[in-house]
Amino acid sequence: MDVDDILDDLTGSDPDPMLQYFKSLLAKTNAESKKLEAQISDAENLLAECLNTTSQIENLKIVEHWKKLHNNLYVFGLHLRKISQIE
Numbered sequence: 041m042d043v044d045d046i047l048d049d050l051t052g053s054d055p056d057p058m059l060q061y062f063k064s065l066l067a068k069t070n071a072e073s074k075k076l077e078a079q080i081s082d083a084e085n086l087l088a089e090c091l092n093t094t095s096q097i098e099n100l101k102i103v104e105h106w107k108k109l110h111n112n113l114y115v116f117g118l119h120l121r122k123i124s125q126i127e
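See below:
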């Protein structure tokens, strides 16, 4: 039994205007609550997507950084070889 069923039982065949008002208010509140829940869910999904995208971008930056570091170390190694050949 939900709130609407309880209010229906209370109002019976001779509906009290105050109970009808609260029932109407409750229905509006429930509708707004469902809209807000959907908006919150959409916002959470968007945030997760943004975090995922940010994570991917950060991962790409890290990969690029390591590629540059690897290239620099490779070039440094070549220089060391040249120096060792000179001596």
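Numbering (my numbering), first residue to last: 41 to 127. Glycine is no exception: its CB is placed at the ideal position from the N, C-alpha and C atoms. A quick note: this is a predicted structure, and the numbers were derived from the prediction, not measured.
Residue i classed as buried or exposed, judged by whether at least 16 other C-beta atoms fall within 10 angstroms
i: Lys75; result: exposed
i: Lys63; result: buried
Short CB-CB distance (under 8 Å) between residue i and chain B
i: Asp82; result: Here chain B cannot be found, since the structure has a single protein chain.
Helix, strand or coil at residue i [DSSP, three-state]
i: Asp82; result: helix
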